[in-house]
Each structure stands twice: as structure tokens, then as C-alpha cells.
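The next block holds one structure in the form of C-alpha cells; read it before the comments.
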Amino acid sequence: EAKRMERFSQFALAASKEAIEDSEIDLNEVNRERFGVIVGSGIGGIDSIEKEEQRLLAKGPKRVNPLFIPMIITNMAAGNIAIKYGAKGVCTNVVTACATGSHCIGEAFRSIKHGYSDLILAGGTEGSITPLAIAGFTSLTALSASEDPGRASIPFDKERDGFVMGEGAGILLLEEYEHARARGAKIYAEIVGYGATSDAYHITSPAPDGEGAARAMKTAMEEAEITPKDISYINAHGTGTQLNDKYETAAMKAVMGEEAYRIPVSSTKSMIGHLLGAAGAVEAVICVKAITEGFIPATIGLSVPDEDCDLDYVPGVGREQKVSYAMSNSLGFGGHNATLIFKNMEVL
Numbered sequence: 003e004a005k006r007m008e009r010f011s012q013f014a015l016a017a018s019k020e021a022i023e024d025s026e027i028d029l030n031e032v033n034r035e036r037f038g039v040i041v042g043s044g045i046g047g048i049d050s051i052e053k054e055e056q057r058l059l060a061k062g063p064k065r066v067n068p069l070f071i072p073m074i075i076t077n078m079a080a081g082n083i084a085i086k087y088g089a090k091g092v093c094t095n096v097v098t099a100c101a102t103g104s105h106c107i108g109e110a111f112r113s114i115k116h117g118y119s120d121l122i123l124a125g126g127t128e129g130s131i132t133p134l135a136i137a138g139f140t141s142l143t144a145l146s147a148s149e150d151p152g153r154a155s156i157p158f159d160k161e162r163d164g165f166v167m168g169e170g171a172g173i174l175l176l177e178e179y180e181h182a183r184a185r186g187a188k189i190y191a192e193i194v195g196y197g198a199t200s201d202a203y204h205i206t207s208p209a210p211d212g213e214g215a216a217r218a219m220k221t222a223m224e225e226a227e228i229t230p231k232d233i234s235y236i237n238a239h240g241t242g243t244q245l246n247d248k249y250e251t252a253a254m255k256a257v258m259g260e261e262a263y264r265i266p267v268s269s270t271k272s273m274i275g276h277l278l279g280a281a282g283a284v285e286a287v288i289c290v291k292a293i294t295e296g297f298i299p300a301t302i303g304l305s306v307p308d309e310d311c312d313l314d315y316v317p318g319v320g321r322e323q324k325v326s327y328a329m330s331n332s333l334g335f336g337g338h339n340a341t342l343i344f345k346n347m348e349v350l
């Protein structure tokens, strides 16, 4: 079965299996028509594109894998998950570059909130560490050129020079509250806010004033009915590129005001790299873990202060702290911005 799938689909299925098992849900008791999947990938099957192009040139068109097309298209992660678990409700694939995972979770949240679904497997997946993808991001000057692992992924550091690519998937099982309570589910956290905006500025560069990202954060807080004073932690997009970190910092200051200097902000990309379309979903999992464990993860490698990035980025070592509300930001090429807000279940 795995041989008939690209790596991004394999990662998504593996993460979905873990989510289902962790939830202890009995799928035989679920209304399959209200059970959905919203899982995206920013790039999809680039690995197979490279391999099959080489096969085409070497052996001709008749030797191209007949499953080539269904293997590479980005919606197949969601499709394969739905087939595996018999999810017959909404099944879609949001693709917004590096904001993909967060938008997928946000749209799943909306589907449940507005009564269209009972439960949804939501998140993002990516398997794009390939020669062509690395070359493309290198040509774009987006990847770090550092040969020192300790200085290769250093978001918000003055000497940052790009990101390190990662791979994997993050999948959450989102469930309507009363539906979860009725089966005695263990509930880690509640999604209470989602913001989705556009910069309408440039295909790769974020808007200089961070206005679009700031609006996403503001919109999410409005839906959550909270203010900056309620935010305990922000998981930043924090790619480690010069422009992203500068403008995301400006966006956080614009929307949080003086509270921006109080709120711990970290980029976990410093530890696991940038998972592109899966980044926001994995970082959503990290936000939930920050809430349940009372621990703020660090931005490792950060050692040289940047006057344009002057917030509390939790440099070097994480810290124990109660997290009432956690915010996660994702910013994608094309000016796509997504913000999610997670609430600690102990908060009334």
C-alpha cells in the first residue's frame, strides 16, 4: 500500500494513525458522513516528479509509472486518509504554501463550529527534501548557507541567513465539544480563534509593515473574544530569513502593543527545521503540548541580538510556565497569513 503513495501521503497517514489511536475513538460509533479530512501539502509529490522525469528521459513515456499522477497531486494525502478511515464528510486540501497546515486546521475548526461536521482529521504534510526542491529554495536564497549546525537555523538572530528544510506531518483530530464529552474523550485544548488574511503584496516577500499578518492575529483574537493580555505564548512563523523575522516582529508589535514585550515568542523551526506545508500543523501540535505540559519551547541557536527583533524569543532554553492561550502564526508565499488560537481547558 505504501508503495502506491508518495512520501507526503505516507507521512500524513502515519500521523493520522497516531492521532486516531491517541484519541481512543471507536470509529464504528462515528457517523461517517459527518467525519471529515482536511489535510494539505504545500508541494506534494516533487520526489516522484523528479524520479519519473528521469525515467521518461532514459526509457521513454511508456515506462512512466501509471500511478504517477495520483501519487503527486496534493489532495491525495486527504484522499488516502479518508479511504483508510472511511471518512465520508468534507474532504478537502487547502494549499497556501507554508500556511497550508494552519489553514487546514482553521477550516476544519470552522466546519465543526458551524455545524457541518462532528470530527475532522486536520493538518499538513510535506516530503520535499529532494535535489530539485533544495536547489529551488537555494536559488531563491531562502535556505541557510551555514555549515555550522548550531548556526544554520537561527530565527530572530542578527546573523540569520535562511531556513533549514524539514519533512513530516502534523495531524490533529478536531471534535465538536459535546460529541467529545459524550464519549469521554481526553480533550487537550480548544481551538477558539482563526484568522486568515492576505498581504496582496508580493509572491515571496511579506509586506514590509506586517499589516496582513497583524490582521490575521487580530481577527483570531476577536473570534476568541480575548485581548493581547490573555495571550501566554506565541509560536511564531519565524523562518530565519531576514525579511520574515523582521516583518513578523513588526506585526506582533502592531497588534499586541506593549504586551508584545511580555509575551514569550519562539520559533520551533530552530529545532526541527521548516516543514513548509506541514509547518503550521506541527506547530499547532507544539502549542497544544505547551498548554498541556506548561512549558514554553525555546528558540535555540539565538545568540546575536537584532535591533529589529527585540521581543522575548525564549533564547537557548525553554521555560516552565502556565499557558492559558497559545497563538500560532503561519505565513506563506503569495502573502497567505493564518493565525490559530488554542485555549487551555482549565480556563473558564
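Under our numbering, the final residue of the sequence shown carries the number 350; numbering is consecutive throughout. All C-beta atoms in this analysis are idealised placements derived from N, C-alpha and C, irrespective of residue type, glycine included. These numbers come from a predicted model, not from an experiment.
Practice problem: In angstroms with no decimal places, state the Cα-to-Cα distance between Leu218 and His338. | Solution: It is Ala, not Leu, that sits at residue 218 in the sequence shown. Their backbone Cα atoms lie some 10 Å apart in a straight line.
Quiz item: Do you know whose CA, among Lys53, Glu54 and Ser332, lies nearest Gly1's CA?
Solution: Residue numbering for the chain in the displayed model covers 3 to 350; residue 1 lies beyond these limits and cannot be assessed.
Practice problem: Note down the Cα distance separating Lys248 from Phe37, rounded to an integer number of angstroms. | Solution: 40 Å
Quiz item: How would you call Asp120, buried or exposed, if buried means at least 16 neighbouring beta carbons within 10 angstroms?
Solution: buried
Quiz item: Excluding the five sequence neighbours on either side, which residues of its own chain have a C-beta within less than 7 Å of the C-beta of Phe10, listed in chain order?
Solution: Ser43, Gly46, Gly47, Ala79, Thr127, Glu128 and Gly129
Exercise. Give the secondary structure of Asp308 by DSSP, where H, G and I count as helix, E and B as strand, and everything else as coil.
Key: strand
Quiz item: Cβ of Pro157 within 8 Å of Cβ of Ser272?
Solution: yes
Quiz prompt | Nearest-angstrom Cβ-Cβ length linking Ala292 and Tyr235, presumed shorter than 8 Å | solution = 6 Å
Quiz prompt | Residue range of the unbroken alpha helix (DSSP H) whose run includes Lys53 | solution = Ile48 to Lys61
Quiz item: At a cut of 8 Å, does the stretch 162-173 reach the stretch 273-280 through at least three beta carbon pairs?
Solution: yes
Quiz prompt | Candidates Ala286, Leu134 and Lys5, of which the one nearest Ala238 by Cα | solution = Ala286
Self-check item: Met373 - partner residues in DSSP beta bridges
Solution: Coverage of the chain is limited to positions 3 through 350, which leaves residue 373 absent and any answer about it impossible.
Self-check item: N-terminal and C-terminal residue of the beta strand (DSSP E) that Ile40 is part of
Solution: Phe37 to Gly42
Exercise. Express the C-alpha separation of Thr229 and Ile74 in angstroms, rounding to a whole number.
Key: 42 Å
Quiz item: In terms of residue numbering, what span does the alpha helix (DSSP H) encompassing Leu123 cover?
Solution: That residue, Leu123, is in no alpha helix (DSSP H); its beta strand (DSSP E) goes Leu121 to Glu128.
Exercise. Could you tell me whether the Cβ atoms of Thr251 and Cys289 are closer together than 8 Å?
Key: no
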